[in-house]
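Residue numbers (this note's numbering), protein chains in the order written: chain A, 29 to 254; chain B, 29 to 254. Don't be surprised by glycine CBs; every beta carbon is placed ideally from N, CA and C. Each remark here refers to the structure printed beneath this line.
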């Protein structure tokens, strides 16, 4: 009975996620659900990304955190609109929280929505928020065995960012082995090796983001013309 | 209503945790519930610890993992008994899983039980397993802001291990700031800065462990004599 209830909760969440997706698609907004362990460098990655693109695109940010607003404060300067969600100890964002956040955002003046999920490699992967894509961030010091050990997220992510590449010389991270394992788990994922701190590889990630912003915009325009 | 059910589940878990605690205390077994983010280095820390003490103490290990048995295979060689729990996607161990594992262990011939929880800084902190102490492992590359951002675990942990100290020169980790924040969140926690990889600081952690093994043994002997 407990299991059935858990499934119901996930089912209700998925329906709400689909509602969010419909709203976001109509507005032609690329929406990325960024998921990683605590401390994999999501916020630094987003800071650098948004700083580099803020004259080109208006970013809306939904910032998930257990209690604090530390990350939101770091991203505020580079975003057109930002909504902080404090989950008060809950280990993931759900679609209802995102629906409420979207109501507070000027969707017509945005190009991209970034959802920075709670730092957790397990639970957020199970909750569809209405995003266009999930983006997994794995940091080098976490170890190259993580995709195999936490496959849910890595199976679903459209892009996997291997961050903190500047720490490769100081760790035992097996980069070719990790990429090989990722390819087995998820053959279609874009794999990007970056260091948000030094800037290494960031052009490639930003290029991927730009291509997808444009594709979603074009899809939405085509649908309007039909 | 959903919230009430969640509380009930936690309540049931706590009762089962108390049952485990009673069994473990009677046997005079120090039981540590080791919790961290994925990739903070729990398994390496335990490998080095158990290798160093295995001629002195018999270690029982309960190894929590979503799907794989990679960590259990690494620890098998140094443990007297090991039970693998695959949670099949569940984000934490609960007291019932541990109760079943304890039934499969030769408790009378053990000195210490190590429970390596699922890599997750959020959910495992809420589920009491019957442990003597929770031990939090925070790794340097995760960043010094983590205790403030994920306070549940750090509030409750009797020891906080700051691992991967060998990476301090290559990151922005603010060690004095982190220790200060930890002291505010949890004044009684033992804070140990170590590198399981290079061995730095491991003597202090192993010393802490030994003192506690002895104390629990003495307590249990006293109770038997009364």
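Only those residues of the region 171-191 of chain A whose C-beta falls short of 9 angstroms from the nearest C-beta of chain B are listed: 171, 173, 174, 176, 177, 178, 179, 180. Exclusion of the five residues before and after residue 76 (chain B) leaves 224, 227, 230 as the residues of its chain whose Cβ lies within less than 8 angstroms of its Cβ. Using a Cβ-Cβ distance cut-off of 8 angstroms, the region 189-209 of chain B and the region 77-93 of chain B are not in contact, since fewer than three pairs of beta carbons, one from each stretch, lie closer than that value. Assignment of beta-bridge partners to residue 59 (chain A) by DSSP yields A:141.
If the five residues before and after residue 190 (chain A) are omitted, its C-beta is found closer than 6 angstroms to the C-beta atoms of 166, 221, all from its own chain and listed in chain order. Proximity to residue 150 (chain B) across B:170, B:168, B:131, B:177 peaks at B:177, based on C-alpha coordinates.
Using a CB distance cut-off of 9 angstroms, residue 121 (chain B) does not count as an interface residue toward chain A.
Fewer than three pairs of CB atoms, one per stretch, sit closer than 8 angstroms, so the region 200-211 of chain B makes no contact with the region 108-118 of chain B. In this structure, DSSP gives residue 220 (chain A) an extended state, which the three-state scheme calls strand. Counting along the chain, residue 93 (chain A) sits inside the beta strand (DSSP E) bounded by residues 87-93.
Apart from the 5 residues on each side of it in sequence, residue 241 (chain A) sits with its Cβ closer than 7 angstroms to the Cβ of 58, 85, 139, 140 in its chain, given in chain order. With respect to residue 162 (chain A), residue 60 (chain A) sits close: the two C-beta atoms are nearer than 9 angstroms. A straight line joining the alpha-carbon of residue 133 (chain A) with that of residue 93 (chain B) spans about 39 angstroms. Scanning the region 167-218 of chain A for uninterrupted alpha helix (DSSP H) segments of 4 residues or longer gives 174-177, 179-184, 203-213, listed from N- to C-terminal end. When C-beta distances to chain B are compared with 9 angstroms, the residues of the region 86-107 of chain A below that value are 93, 94, 95, 96, 98, 99, in chain order. Looking at the DSSP output, residue 112 (chain A) bridges to A:91.
If you look at residue 78 (chain A), you'll find it in the alpha helix (DSSP H) that goes 70-81. Under the three-state reduction of DSSP, residue 54 (chain B) is assigned to helix. Residues of chain A with a Cβ closer than 7 angstroms to the Cβ of residue 167 (chain B) are, in chain order, 169. Within the same chain, and ignoring the five residues on either side of residue 182 (chain B) in sequence, the residues whose Cβ sits closer than 7 angstroms to its Cβ are 164, 175, 188, 210, 213, 214.
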